[in-house]
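Colleague: For what it's worth, UniProt numbering labels the leading residue of the sequence shown as 1, then goes sequentially. Backbone N, C-alpha and C define an ideal beta-carbon position, used for all residues, glycine too. Here the structure is a predicted model, which means the values were calculated and not measured. Quick one: this structure, given as structure tokens, is what I'll be asking you about.
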Amino acid sequence: MTSAIDYLGALTLGESLVPASPLVASTAADHFASVLLSSFPNNALVEPTIEDRHDSTPVLLRRAIAFIDDNAHNDLSLADIAGAVYVTPRALQYMFRRHRDCTPMDYVRRVRLHHAHRDLVDGNRATTTVAEIARRWGFAHTGRFATLYRQHHGQSPAVTLRQ
Numbered sequence: 001m002t003s004a005i006d007y008l009g010a011l012t013l014g015e016s017l018v019p020a021s022p023l024v025a026s027t028a029a030d031h032f033a034s035v036l037l038s039s040f041p042n043n044a045l046v047e048p049t050i051e052d053r054h055d056s057t058p059v060l061l062r063r064a065i066a067f068i069d070d071n072a073h074n075d076l077s078l079a080d081i082a083g084a085v086y087v088t089p090r091a092l093q094y095m096f097r098r099h100r101d102c103t104p105m106d107y108v109r110r111v112r113l114h115h116a117h118r119d120l121v122d123g124n125r126a127t128t129t130v131a132e133i134a135r136r137w138g139f140a141h142t143g144r145f146a147t148l149y150r151q152h153h154g155q156s157p158a159v160t161l162r163q
């Protein structure tokens, strides 16, 4: 560790006692922090455990989920959801991946499939069509909707509607 500190001192100060530039000083500070973290026992560099990954849902993620649940019938984009909870789209993707093991738009799709399932179960098979329900929940291609529905519910939407 002593040699790392000597190197960082020489890098930032050189021959004078004035740092070379703010960027060099900043880089040196980052390197110094890395040396400290790798030299002394700590938990800052430890990968999260299975228990850590299943910790309680962060408040921002709960807000994003509530926003999606309340607005699933609207045209939602990643930017809309991120804006509603005041985070960047990347931060939103990270939260969903870490705590829900999916992307935000995958979650939107699941919510819409759930609503479509409910509509199919409650629908009148004489007057309701699968295509109508698929379009209502944002699935423009009925065949693709049927495939996704079958993957999530184990049967075709037409069978659900007939039951």
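Asp-106: buried (16+ other C-beta within 10 angstroms of its C-beta) or exposed?
Modeller: Exposed, by the Cβ-count rule.
Colleague: Look up Thr-2 in the DSSP assignment and say whether it is helix, strand or coil.
Modeller: Here Thr-2 sits in helix by DSSP.
Colleague: By DSSP, does Tyr-86 sit in helix, in strand, or in coil?
Modeller: DSSP places Tyr-86 in coil when its eight states are reduced to three.
Colleague: Counting along the chain, where does the alpha helix (DSSP H) carrying Asp-106 start and finish?
Modeller: Unbroken alpha helix (DSSP H) run through Asp-106: 104-122.
Colleague: In whole angstroms, what is the alpha-carbon distance linking Ala-134 and Thr-142?
Modeller: Rounded to whole angstroms, Ala-134 to Thr-142 spans 6 Å at the Cα level.
Colleague: Would you report the Cα separation of Asp-119 and Ala-79, rounded to the nearest angstrom?
Modeller: Their backbone Cα atoms lie some 28 Å apart in a straight line.
Colleague: With Arg-63 as the anchor, note down where its alpha helix (DSSP H) starts and where it stops.
Modeller: Where Arg-63 is concerned, the enclosing alpha helix (DSSP H) stretches over 59-71.
Colleague: Would you report the Cα separation of Tyr-59 and Arg-136, rounded to the nearest angstrom?
Modeller: First, the residue type needs correcting, since residue 59 is Val and not Tyr in the sequence shown. Whole-angstrom Cα-Cα distance: 30 Å.
Colleague: Which same chain residues end up closer than 8 Å to Ala-97 when comparing Cβ atoms and leaving out the 5 residues on each side of it in sequence?
Modeller: The amino acid occupying residue 97 in the given sequence is Arg; Ala does not appear at that position. Taken in chain order, the residues that qualify are Thr-103.
Colleague: Which residues in the same chain as Arg-109 place their Cβ atom closer than 8 Å to its Cβ, once the five residues preceding and following it in sequence are excluded?
Modeller: For Arg-109, where only same-chain residues beyond five positions count, the Cβ hits under 8 Å are Leu-148.
Colleague: So, are the CB atoms of Thr-160 and Val-111 less than 8 Å apart?
Modeller: Against a cut-off of 8 Å, the Cβ pair of Val-111 and Thr-160 comes out as no contact.
Colleague: Does Asp-135 come out as helix, strand or coil in the three-state DSSP assignment?
Modeller: The sequence given here has Arg at residue 135, not Asp. Three-state result, Arg-135: helix.
Colleague: At which residues does the alpha helix (DSSP H) containing Leu-161 begin and terminate?
Modeller: Looking at the DSSP string, the run of the alpha helix (DSSP H) that includes Leu-161 is 157-162.
Colleague: Is Gly-123 buried or exposed, if buried means 16 or more other CB atoms sit within 10 Å of its CB?
Modeller: Buried, by the Cβ-count rule.
Colleague: Using a Cβ-Cβ cut-off of 8 Å (strictly less than) and excluding sequence neighbours within five positions of Ala-116, which residues of its own chain qualify?
Modeller: Hits under 8 Å: Ile-133, Ala-134, Arg-136, Trp-137, Phe-139, Phe-145, Tyr-149, Pro-157.
Colleague: Between the Cα of Leu-113 and the Cα atoms of Thr-88, Val-130, Tyr-94, Val-87, which residue gives the shortest distance?
Modeller: For Leu-113, the nearest C-alpha among the options comes from Val-130.
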